[in-house]
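Chains as they are written, first to last, in my numbering: chain A, 42 to 448; chain B, 42 to 448.
Where is the CB? At the ideal position from N, CA and C, for every residue including glycine.
Remarks on the structure that follows.
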C-alpha cells in the first residue's frame, strides 16, 4: 500500500487555482505509489487543526468542474509559520496530522508567502527524519514569483485587465467632451498587472495613453506635465495605474501624507486613481473618472485565458511527477523555450530561491520616458492571455464546483 | 430614388447598442425605399452640427463587427431639446440637416430621455409638414422603459452582475473568518440591476443573502437587524445593494447627510456600499468589504448575453419595417408571449407613453420581509441572460469595430 497525499491552497484566490488542484488529483490518481488523496481546509490552518477532507471518492463530474471554478474551493489562509528555532508547536501539530493520515506527499498551492511554508516544513521534516516529499505549486495573479517565467493566475488576470481597459476606454469616450479616465489595477509592489493593459493598445482606441508602474518612482509634476501633453494631442485619454505607486522616497502615494488630505487635514478615502484624479481635476481637465478594477481581476473566471488554465493544471500534474521522482523542498516552475511559437517546459527550483522574494518587471522592458512598456514586454505577455475555453454553464450562468468549506 | 435614413445613438452606453445599429442598417439595406444610410456623430448633437457619416459604403467585414462592439461607435450625447413652444432654433437646425441629406427616416437608439427627443422631433415635423418617419429604438441597462417587457442592454448587464456576484462571493469567503461583503450595482431609481443578482443564488454558495432595492424605503435599524440575523446563521454573507437606495423620506442615502460624515463632520467619499459597510463595521462584523461593480456592468461585452444581443439587433431591424409601414413617433417594444418556452414579439407604442417615464419593479415581485425577489421575478429575468455568443477575437482579446468619432 502506497503513501497518501495531501493538498492545500493558500494566499489570495485566482481563477485557475482549482485547475492546479485538479492537476494534482489527476497526477496522484495515475500513480500507484499514492493511495488516498486528501485536501486541507483553509490551507495549512486545516492541517494544524485536523480539518482534512477525502477527495479520493469524489465523483468524476464534480472533479471536472474544479477546472472551471474560481477561488480556492478548499479554502485558503494567510498563516505564517514561526521560525523553527523559535517555536515548534505548530510543526508538531502539522506533522501529527501528517502522521495520522499517513501523508507521504504534501502539495501546497500558493505565492511567495506560501513557499515560505513549504520551505520551513521541508526543513522540519528533515530535522525529525519524517519521510515526505513537499512541493510548492506557483499561483498568483501578481506574477511576482522568482524563478518561474510566469505564474499561473497571471495570464487570466492580465486578460481580464486588458479586455476591461479596452471596454472602459470605449465606454468613457462616447461623449463629445474632454475626459481623463484613470483606471487602477492591483499590484502593490510590481507593475505586472498594470503593464498587461498594453495589450489593449491594439484596439483602434489605442488606450492606455500612459501606464504608471510601482517599479518607477512617481513624480507628481512629471505626471501632470505628461497628462497635459496627451490632452494637447487628443481630447479623451485613458491612464492605467498600479495601486502601489510610490514616490521617490519609496512611500506609497496613498500613504505619503502629502496632497492626500482635504483642506481640513483629514485623510481622503479611495485609492491611488482617486488621488491622481483629484490632481488632474484641479488643474487640467474638468471631467475625470477614477475607476478601480477591483476583485473581479482575480475572480472573473468568465474571462479566463485558455493557456493559463491549462498551465495551472499542468503545474499541478507535474508536481506529482517531481515528488514521485524524489524531489522535495522545491517549487514547480515554468521555463519559456520560445515565443514564436509559444513553447514552455516545467522544471523545479529550490524553494529557498522563491520564498519571501519579489520579482519585478525588468527595467529594460519599461519605457520610462513615454510611460509605457517596450515590445519585449508585449512579446512576453501576449501568449499568456491566449487560448479559448469552453465553460460549463447552465441557463446563461457558470456552473461552479461545490465548496469544501462552509460559508 | 428613395429617401435616405439617419441613425443616432444617445444616452449611456450598453454592450449591445451597436447590435441595434447593425439591425437598422440591415433593415435599411433590404429595403428599396431607402437609399443612403447615414449616421449622426454624438446623437442629436451631430444632427445639430451637421456631423454626418455615410455608412452605406462601409465594408461588410467591418459592419459585422458592429454586433460585437460595446459602447456607441457613433458617439452619444445627453442633449435635451427645448420645448417647442419656447425655442425653435435647435429644431430649425436639425431639420436643415434632415433636408440637406434628404432624410426621410430617422432612427434614434436610446432610453427615456432619448424618447423625449423622438417625441419632440416628431411633433415639430408634423407642425412644419416635413415628411419623415421617426422611430425610437429602446436601449438601457436600467430596464426602466415603460411599455416594453424589457430593454435591450439589460439582459447582458444582468448576466454580468449575476456572474460577478457569484465570483465575488466565492472570492470573499475563502478564509476561515467572518466577513460581510457589500456589493453595489447601478440603479438610481429602480432595482432591476440589483435584483438580477438573484440569479447567483443557484450557485452552491447561495448568495446574495440580502438584496436592497430603491423601490423599498431603506431603514437603517432594520438593515442592521437583518445583517445580524444572517450572521447568526452563517459566518460569511454577501449583500447586494442598488446605488440609489433611499430613506423613508425619499432622499438618497448617500445624500441624506445623516451618518455619512466622519467624526469631524466631513462628508465621506464612496457610494452606498461604503456607507453601509461603515455601519456594519462599527457594530456587527470587523471584516467588511464594500465592492462597487462599476463601469464594467454596462461595458463588459465579454460577458454579453446571446438573447440580448439578438433582440438588440431585431429591435433595430423591426424599426425599419415599422417606419416603412408608416409608423412615426413610436418606439419599438418587446412583448413577452411566454416564459416556457421563452417567446417574444415586437410591436410599437406611442413614444409619449415612454418619454421621461420610469418603470419600477412591480411591488408584488419583491419580498420586502426577506429582502429578496420572488419567483415571478426569477421567471421574468432568467431567459434574458441566456444564449451563447461566439465572439470574434484576436490573440485572446476582443476584435472591436472602429470608432466613427475621434478620441
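In the three-state scheme derived from DSSP, where H, G and I count as helix and E and B as strand, residue 47 (chain A) is classed as strand. Rounded to whole angstroms, the gap between the alpha carbons of residue 54 (chain A) and residue 377 (chain B) is 41 Å. Interface flag for residue 211 (chain A) against chain B is set, since a Cβ pair is found closer than 8 Å.
Contact with chain B is found for residue 277 (chain A), since one of that chain's Cβ atoms lies less than 8 Å from the residue's Cβ.
Every beta strand (DSSP E) of 3 residues or more that sits fully in the region 48-135 of chain B is shown, in chain order, as 75-81, 93-95. Distance from the CA atom of residue 245 (chain A) to the CA atom of residue 441 (chain B), rounded to whole angstroms, is 8 Å.
Per DSSP, the beta-bridge partners of residue 372 (chain B) are B:177, B:390.
Non-local beta-carbon contacts of residue 419 (chain B) in its own chain, meaning distances under 7 Å to residues more than five positions away in sequence, involve 239 in chain order.
Around the beta carbon of residue 381 (chain A), fewer than 16 other beta carbons lie within 10 angstroms, which makes this residue exposed. Shown in chain order are the members of the region 116-129 of chain A whose Cβ falls below 8 Å from a Cβ of chain B: 116, 117, 118, 119. The C-beta of residue 215 (chain B) comes closer than 8 Å to at least one C-beta of chain A. Shown in chain order are the members of the region 423-448 of chain B whose Cβ falls below 9 Å from a Cβ of chain A: 423, 424, 425, 426, 427, 428, 429, 434, 435, 436, 437, 438, 439, 440, 441, 442, 443, 444, 446, 447, 448. Residue 412 (chain B): not part of any alpha helix (DSSP H); DSSP gives it neither H nor E. Exclusion of the five residues before and after residue 97 (chain B) leaves 77, 78 as the residues of its chain whose Cβ lies within less than 7 Å of its Cβ.
Rounded to whole angstroms, residue 137 (chain B) and residue 158 (chain B) show a C-alpha spacing of 16 Å. For residue 142 (chain A), the secondary structure class from DSSP, reduced to helix, strand or coil, is coil. Within the same chain, Cβ atoms closer than 8 Å to the Cβ of residue 272 (chain A) are found at 219, 221, 278, 325, 326, the five residues on either side in sequence being excluded.
Classified as exposed, residue 101 (chain B) has fewer than 16 neighbouring CB atoms from the shown chains inside 10 Å of its CB. When 9 Å is used as the limit between beta carbons, residue 205 (chain B) is near these residues of chain A: 336, 337, 340, 341, 343, in chain order. The DSSP-derived three-state label of residue 254 (chain A) is coil. Take the alpha-carbon of residue 183 (chain B) and the one of residue 234 (chain B): they are about 7 Å apart. For residue 225 (chain B), the enclosing beta strand (DSSP E) starts and ends at 220-226. Bridge partners of residue 283 (chain B) according to DSSP: B:226. With respect to chain A, the C-beta atom of residue 242 (chain B) has no partner C-beta closer than 8 Å.
Take the alpha-carbon of residue 126 (chain A) and the one of residue 164 (chain A): they are about 11 Å apart.
Residue 152 (chain B) and residue 191 (chain B) have their C-alpha atoms roughly 12 Å apart.
Contact check for residue 93 (chain A) against residue 81 (chain A) passes: the beta carbons are separated by less than 8 Å.
Residue pairing by DSSP places residue 355 (chain A) in no beta bridge whatsoever. Relative to the Cα of residue 72 (chain B), the nearest Cα in the group B:146, B:130, B:88, B:58 belongs to B:146. By the C-beta criterion, the region 245-255 of chain A is judged not to be in contact with the region 349-362 of chain A, since fewer than 3 inter-stretch pairs fall below 8 Å.
For the C-beta of residue 179 (chain A), not a single chain B residue is nearer than 8 Å; the gap to the nearest is close to 18 Å.
Counting along the chain, the unbroken beta strand (DSSP E) around residue 332 (chain B) starts and ends at 329-333.
In the three-state DSSP reduction, residue 318 (chain B) falls in the helix class (H, G or I). Our two residues, residue 344 (chain A) and residue 280 (chain A), have alpha carbons roughly 22 Å apart in a direct line. Check the Cα spacing between residue 74 (chain B) and each of B:51, B:263, B:173, B:384: the tightest is with B:173. According to the DSSP assignment, residue 270 (chain A) belongs to the alpha helix (DSSP H) that extends over 261-274.
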